[in-house]
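Engineer: Before I ask anything, let me first share the structure, which is written out below as structure tokens.
The following block contains the structure:
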């Protein structure tokens, strides 16, 4: 039996633990022991999708034996992270008369977690919430820190709330059923933590490419744990993103624009972020914030992990900039970028030369993926 | 020039003032001086309705001179406190590209305030929020305490959030343009504060019926101020309604059922609450929690203030109970009532005899308003 790692997210009265282990779904009694202290009452609504439910709902039902368990399935894919799905879930909760002491359990990836979290934040002005993320991306990013949201046709995550769960349960073995492309996309956020916060972790990732690609349990557990620790530290400093927390958006200002303009689904979120990180690093170099040579190093690590570093097809430059302008990182008209000063250190700034931004966008449009 | 009273709502880092005065809209520079410290940035979206806008928007525009001010009008009436209106407002904010440092100003009554507050709580995961309530009901109740919500066909306020404003600005002179029936409905909540918390205030209300009905400035200012003080004290004890705050629902469990079954609009909220308070007091007497004789005293005060104490038409008993069952005050199947132990003191309990509840409902169905 392998160890359970606990990462504390320190947010005063909203503090909660992230429990990381490899045996929760194989051992329903252990799963029950982890989950029960996090439930607000006797009623549970599990929000999930059909694919995930087929794998993990039976064990979860056993673990929750004796409680009233309602299951609400939403469609699979980013297009279901919408006000329409939100309204349907609310209709269901109300029709089934779940009360204020209910707990919403998000069983799935980022779409399920973000939507379920926004539901939990706003059903009857807030009910219990537990995250059981089943993708690498949601384990190291979206399940930690309390950001919940749905998308709008005007942009991603424009409607949502900050709402912290009572706990996050991460079973690393679920990643073996994840498609390889989605697993790689999750590694993009793991790499991000190295770039923004921890040069040693970046070096460790470079040295452990094969172990990570092979999902070796020890490497996987360390990568997830260190990612959660870094995110938890940043979120504890700045829960509502008034300052430091914005560093977590490294690569995302570019990445969100790539996603918006390509139509949701053309790139996985992590793939768009991977390219966005390379763009942000290149932008940092061109602005002389960062020595030359880091962009190829990042591109090489991403490539080794099965991630893109170049756009697949050209994107209109002005549309790209307009898309970044609707991004939430804008304060009174000026885009705020997260730029790198070194591997392991980034800054938030709205000081940039617009002409160089144009050149960066042109450069990536000229050098497309083969 | 009359005084400005300030009531502090003490919620730690979410604390904010309620400013009460009689001259804000007559003096745009004073209005500006009050509002500016509460704004998060240079962008303001005023959510209001056409009736209110005609009266007060010009002064507000003068007060906000130099800022970008967008105005979003919603329909007048409880039916517009809906997910549909919410979605339309979100569409507009996104189309007009308001950013994360925007401030939502709610200029209107409870429908505007509750909807605008839920918008502020969830637009880009939360933006600035200021309440300028223009009805007596919203001045003494819905603008204070951070409850925001929209209705659902399954019940009132089922979708929402707790979200505190940066400040609340109350101009008592706006009540002169309020229809008499709406003014009276607001007094129902004022009476409630006496019943649940302050027997002396209840006695003061009995002694000042004529002054209140005549909107004498001193009486009005004291009634509003004392109401806000009591609500602020209760909310400071229990921001998220895990205990004490539920006493503010006195009369509301019955009142919401009256509203639901009669169709929104048949009774004003305050009218339904007035009848609901009489039902709750009568229920308290029948359960021997309270001495006989208080129900007529309450009914007399309500009547003197132009409020009903009896149902206008019969309501099906079982439908009534089912409607209360969907109410948010239910914990795991049992209805929690706020019942009176004396004028000025109430308790929250789920100990009651279902047969006596039936008799209370039958009694009110037999003794309808003439």
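Chains as they are written, first to last, in this note's numbering: chain W, 1 to 370; chain H, 1001 to 1370. We put the beta carbon where it would ideally sit given N, CA and C, even for glycine. On a predicted model such as this, the values are computed, not experimentally measured, just so you know.
Compute the beta-carbon to beta-carbon distance between residue 1307 of chain H and residue 1137 of chain H, rounded to the nearest angstrom, for a pair I have assumed lies under 8 Å.
Structural biologist: Here residue 1307 of chain H corresponds to residue number 307 of the second chain, with the count starting at 1. Here residue 1137 of chain H corresponds to residue number 137 of the second chain, with the count starting at 1. Not confirmed; about 12 Å, so no contact.
Engineer: Please compile the residues from chain W whose C-beta is within a distance smaller than 8 Å of the C-beta of residue 1158 of chain H.
Structural biologist: Working through the second chain from its first residue, we reach residue 1158 of chain H at position 158. Those are 90, 94, 123, 124, listed as they occur along chain W.
Engineer: Using a beta-carbon distance cut-off of less than 7 Å, what residues from the region 135-154 of chain W approach chain H?
Structural biologist: From the region 135-154 of chain W, only 147, 149, 152, 154 have a Cβ closer than 7 Å to chain H.
Engineer: Once the 5 residues before and after residue 1128 of chain H are set aside, which same chain residues still bring their CB inside 8 Å of it?
Structural biologist: Taking the first residue of the second chain as 1, we reach residue 1128 of chain H at position 128. Once the five neighbours on either side are set aside, the close Cβ partners of residue 1128 of chain H are 1038, 1039, 1040, 1041, 1101, 1102, 1103, 1104, 1120, 1166.
Engineer: Does the distance from the CB of residue 1074 of chain H to the CB of residue 1094 of chain H come in under 8 Å?
Structural biologist: As a working note, residue 1074 of chain H is residue 74 in the second chain. As a working note, residue 1094 of chain H is residue 94 in the second chain. No, Cβ-Cβ distance for residue 1074 of chain H and residue 1094 of chain H is not below 8 Å.
Engineer: Near residue 1144 of chain H, which residues of its chain fall below 6 Å by C-beta distance, leaving aside the five closest residues on each side in sequence?
Structural biologist: Position 144 of the second chain, counting from 1, holds the residue named residue 1144 of chain H. Cβ neighbours of residue 1144 of chain H beyond the five flanking positions: 1228, 1231.
Engineer: Between which two residues does the alpha helix (DSSP H) holding residue 1252 of chain H run?
Structural biologist: In the second chain, residue 1252 of chain H corresponds to position 252, counting from 1. Note, residue 1252 of chain H: alpha helix (DSSP H), 1252-1262.
Engineer: 8 Å is my cut-off, CB to CB: does residue 87 of chain W come that close to chain H?
Structural biologist: The sequence position of residue 87 of chain W within the first chain is 87, counting from 1. Residue 87 of chain W counts as touching chain H.
Engineer: Taking CB distances under 8 Å as the criterion, tell me whether residue 246 of chain W reaches chain H.
Structural biologist: Locating residue 246 of chain W in the first chain gives position 246, where the first residue counts as 1. So no, residue 246 of chain W is outside the interface.
Engineer: Grouping DSSP H, G and I as helix and E and B as strand, with all else coil, what is residue 65 of chain W?
Structural biologist: Position 65 of the first chain, counted from the first residue, corresponds to residue 65 of chain W. Correct three-state label for residue 65 of chain W: coil.
Engineer: Taking Cβ-Cβ distances shorter than 9 Å, what residues in chain C pair up with residue 1161 of chain H?
Structural biologist: The chain inventory of the structure shown lacks chain C, comprising the protein chains W and H.
Engineer: Tell me which residue opens and which closes the alpha helix (DSSP H) that residue 1110 of chain H is part of.
Structural biologist: Within the second chain, numbered from 1, the residue matching residue 1110 of chain H stands at position 110. Run containing residue 1110 of chain H: 1110-1122, per the alpha helix (DSSP H) assignment.
Engineer: Look up residue 17 of chain W in the DSSP assignment and give the residues it is bridged to.
Structural biologist: Position 17 of the first chain holds residue 17 of chain W. Paired residue(s): W:8.
Engineer: At a CB-CB cut-off below 7 Å, which residues of chain H make contact with residue 83 of chain W?
Structural biologist: Translated into the one-based positions of the first chain, residue 83 of chain W becomes position 83. Near residue 83 of chain W (Cβ distances below 7 Å), the residues of chain H are 1087.
Engineer: State yes or no: is the C-beta of residue 1156 of chain H within less than 8 Å of the C-beta of residue 1256 of chain H?
Structural biologist: Stepping through the second chain from its first residue, residue 1156 of chain H is reached at position 156. Stepping through the second chain from its first residue, residue 1256 of chain H is reached at position 256. Result yes, Cβ atoms of residue 1156 of chain H and residue 1256 of chain H sit closer than 8 Å.
Engineer: Taking the C-alpha atoms as reference points, what is the distance between residue 1195 of chain H and residue 1278 of chain H?
Structural biologist: Within the second chain, the letter at position 195 stands for residue 1195 of chain H. Within the second chain, the letter at position 278 stands for residue 1278 of chain H. Each residue's alpha carbon lies about 11 Å from the other.
Engineer: Do you know offhand how far residue 1198 of chain H's Cα is from residue 1345 of chain H's?
Structural biologist: Here residue 1198 of chain H is taken as the residue at index 198 of the second chain, counted from 1. Here residue 1345 of chain H is taken as the residue at index 345 of the second chain, counted from 1. Cα-Cα distance, rounded: 7 Å.
Engineer: Find out if the Cβ-Cβ distance for the pair residue 1170 of chain H, residue 1139 of chain H is shorter than 8 Å.
Structural biologist: If you number the second chain from 1, residue 1170 of chain H lands on position 170. If you number the second chain from 1, residue 1139 of chain H lands on position 139. In contact: residue 1170 of chain H and residue 1139 of chain H (Cβ atoms closer than 8 Å).
Engineer: Following the continuous beta strand (DSSP E) through residue 1339 of chain H, name the residue where it begins and the one where it ends.
Structural biologist: Working through the second chain from its first residue, we reach residue 1339 of chain H at position 339. Taken as a continuous stretch (DSSP letters only), the beta strand (DSSP E) holding residue 1339 of chain H covers 1337-1342.
Engineer: May I have the straight-line CA-CA distance separating residue 1067 of chain H from residue 1099 of chain H, to the nearest angstrom?
Structural biologist: Numbered from its first residue, the second chain carries residue 1067 of chain H at position 67. Numbered from its first residue, the second chain carries residue 1099 of chain H at position 99. Taking the straight line from one Cα to the other gives about 14 Å.
Engineer: Does the distance from the CB of residue 49 of chain W to the CB of residue 27 of chain W come in under 8 Å?
Structural biologist: As a working note, residue 49 of chain W is residue 49 in the first chain. As a working note, residue 27 of chain W is residue 27 in the first chain. No, these two residues do not count as a Cβ contact at 8 Å.
Engineer: Do residue 72 of chain W and residue 45 of chain W have their C-beta atoms within less than 8 Å of each other?
Structural biologist: Sequence index remark: in the first chain, residue 72 of chain W carries index 72 (1-based). Sequence index remark: in the first chain, residue 45 of chain W carries index 45 (1-based). Contact flag set, yes.
Engineer: Just how far apart, CA to CA, sit residue 276 of chain W and residue 282 of chain W?
Structural biologist: Locating residue 276 of chain W in the first chain gives position 276, counting from the first residue. Locating residue 282 of chain W in the first chain gives position 282, counting from the first residue. When rounded, the distance between both Cα atoms is 10 Å.
Engineer: Give me, in chain order, the residues of the same chain whose beta-carbon lies closer than 7 Å to that of residue 1132 of chain H; leave out the 5 immediate sequence neighbours on both sides.
Structural biologist: Along the second chain, read from residue 1 onward, the residue named residue 1132 of chain H stands at position 132. Cβ within range, chain order: 1105, 1106, 1107, 1169.
Engineer: Can you have a look at residue 1368 of chain H and say buried or exposed, based on whether 16 or more other CB atoms are within 10 angstroms of its CB?
Structural biologist: Numbered from its first residue, the second chain carries residue 1368 of chain H at position 368. Exposed, because fewer than 16 other Cβ atoms sit within 10 Å of the Cβ of residue 1368 of chain H.
Engineer: Report the residue ranges of all beta strand (DSSP E) runs contained in full by the region 1016-1050 of chain H; include only those spanning at least 3 residues, in chain order.
Structural biologist: Taking only runs of at least 3 residues, the beta strand (DSSP E) segments lying wholly in the region 1016-1050 of chain H are 1016-1021, 1043-1048.
Engineer: What do you reckon, are the CB atoms on residue 382 of chain W and residue 314 of chain W nearer than 8 Å?
Structural biologist: The requested residue 382 of chain W is not part of the displayed model; chain W covers only 1 to 370.
Engineer: Within 8 Å (strictly less), CB to CB, does residue 1011 of chain H reach chain W?
Structural biologist: In the second chain, residue 1011 of chain H corresponds to position 11, counting from 1. With 8 Å as the cut-off, residue 1011 of chain H does not count as an interface residue toward chain W.
Engineer: Tell whether a beta-carbon distance below 8 Å holds between residue 323 of chain W and residue 260 of chain W.
Structural biologist: Walking along the first chain from the start, residue 323 of chain W turns up at place 323. Walking along the first chain from the start, residue 260 of chain W turns up at place 260. It is a contact, given that the beta carbons lie within the stated cut-off.
Engineer: Just to confirm my understanding: we take residue 1159 of chain H, look at its own chain, exclude 5 residues before and 5 after, and list those with CB closer than 7 Å. What are they?
Structural biologist: By one-based count along the second chain, residue 1159 of chain H stands at place 159. Hits under 7 Å: 1083, 1149, 1150, 1152.
Engineer: Could you check what DSSP says for residue 1171 of chain H in three-state terms: helix, strand or coil?
Structural biologist: By one-based count along the second chain, residue 1171 of chain H stands at place 171. Correct three-state label for residue 1171 of chain H: strand.
Engineer: Return yes when the Cβ of residue 20 of chain W is within less than 8 Å of the Cβ of residue 240 of chain W, no when it is not.
Structural biologist: Working through the first chain from its first residue, we reach residue 240 of chain W at position 240. Working through the first chain from its first residue, we reach residue 20 of chain W at position 20. Result no, Cβ atoms of residue 240 of chain W and residue 20 of chain W do not sit closer than 8 Å.
Engineer: Enumerate in chain order the residues of its own chain whose CB-to-CB distance from residue 354 of chain W is below 7 Å, with the five nearest sequence positions on each side excluded.
Structural biologist: Stepping through the first chain from its first residue, residue 354 of chain W is reached at position 354. Nothing meets the Cβ criterion.
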